[in-house]
Amino acid sequence: MPSPGSSGGGRKPAPGRRRPAASPAAPTPASALTAALSEREARKARRQEGRRQAILVAARAVLVRGGVLGLTLEAVAAEADLSKPSLFYYFRSKEELVGALAVEGLEREVKVLEAAVAAAASGVEALAALVRARVDLYAEDLDGFRVVYLWPQLTGRQSEAHQSRVLALSGQLNDVLEARLQADARAGRLAPGLQPRRLANLAWTMAHGVLSLGAGLEHSGVGTRFTLSQLRDEACAVLLRSSGR
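Numbering of the sequence shown is given in the UniProt record's numbering, commencing with residue 1 and proceeding in unit increments.
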């Protein structure tokens with residue numbers, strides 16, 4: 001019969017002595033299997049992404065070499081050293097392929113432009129920073145400009161998913177620049193009557209015009225009287241003079 005105060009079970013440990021720590025539970029077969037499957041899936045995902053990127057590199061090479069008319073899934077598969085069914089697993093059409101190239105290029109562009117806008121001393125100066133960064137990004141890679149803005153239009157209507165992603169990226173950049181211009185307006189640094197969102201669109205359009213001119217003249221084999229850098233600087237000067245106070 002247990003004594004008063006006893007738990008009725010085994011004896012208590014002596015004062016000052018601790019129970020030995022329990023050994024960590026060995027992984028169960030189920031958890032080990034889950035971990036192995038997760039790692040296998042991760043390796044598979046990395047392998048697929050690597051192959052997808054290789055296909056995009058091949059597609060760009062085919063586009064640069066032969067333009068939209070020379071772009072076929074067969075040509076891309078040959079460039080990537082893949083069978084056509086293997087390519088078809090990743091991209092179902094050349095429109096989808098060009099759309100993926102364009103979105104990746106636009107994502108890179110937006111990242112560069114957001115950094116330039118954030119580093120500018122004011123919203124007005126951010127307008128010029130956007131023009132400068134955008135022209136500089138593509139001036140030595142006009143094919144990159146064509147990938148994002150010209151070739152997708154020539155391959156036919158893009159999917160709704162593609163259009164939604166492009167609009168989201170463009171809106172993301174405009175939101176950042178508009179917020180900086182609104183801060184200038186509140187501080188009295190923006191010329192009266194100017195609309196921040198319109199100014200953001202105008203800066204983007206000015207850079208686009210400079211790059212479109214350069215891409216068009218390069219394609220035609222015709223030189224330009226002024227360099228893209230000179231046109232860029234003139235556009236920046238116009239924005240700074242007309243937008244600030």
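We treat Cβ as the ideally placed atom computed from N, Cα and C, and that holds for glycine.
Which value, in whole angstroms, describes the spacing of the CA atoms of residue i and residue j?
i, j, result
"SER83", "PHE91", "13 angstroms"
"ALA102", "GLY188", "39 angstroms"
"ALA115", "MET206", "19 angstroms"
"PRO192", "ALA200", "16 angstroms"
"LEU56", "LEU69", "17 angstroms"
"SER6", "SER31", "Below a pLDDT of 50, predicted positions are generally treated as unreliable, and SER6, at 46, falls in that range; no measurement from the model is reported."
"PHE145", "PRO152", "11 angstroms"
"LEU106", "LEU169", "8 angstroms"
"ALA120", "LEU73", "43 angstroms"
"GLY66", "HIS219", "12 angstroms"
"SER242", "LEU231", "17 angstroms"
"ALA129", "ALA42", "40 angstroms"
"residue 246", "ARG108", "Because the chain in this structure spans residues 1 to 245, residue 246 falls outside the shown range and cannot be described."
"ARG165", "GLU95", "15 angstroms"
Is residue i near the ligand GDP - that is, is its Cβ less than 7 angstroms away from at least one heavy atom of it?
i, result
"VAL64", "This structure lacks the ligand GDP, and indeed carries no ligand of any kind."
Considering just the uninterrupted stretch of the alpha helix (DSSP H) at residue i, what are its terminal residues?
i, result
"LEU71", "First-last for LEU71: undefined, no H or E at that position."
"GLN163", "160-186"
"GLN153", "151-154"
"PRO85", "84-90"
"LEU213", "196-220"
"LEU113", "94-119"
"SER229", "228-243"
"ARG134", "123-139"
If you measure between the beta carbons of residue i and residue j, is that distance less than 8 angstroms?
i, j, result
"VAL98", "THR155", "yes"
"LEU181", "LEU167", "no"
"ALA100", "ALA80", "no"
"ALA235", "VAL131", "yes"
"ALA203", "LEU127", "yes"
"VAL147", "ARG60", "yes"
"ASP184", "SER229", "no"
List the whole-angstrom C-beta distance separating residue i from residue j, where the pair is believed to meet the contact cut-off of C-beta under 8 angstroms.
i, j, result
"GLY244", "VAL124", "4 angstroms"
"VAL64", "ASP143", "5 angstroms"
"GLU178", "ARG197", "5 angstroms"
"LEU173", "VAL110", "5 angstroms"
"LEU113", "ARG134", "6 angstroms"
"ALA75", "VAL62", "5 angstroms"
Validate contact between the segment 130-148 and the segment 210-222 using beta carbons, cut 8 angstroms, 3 pairs
yes
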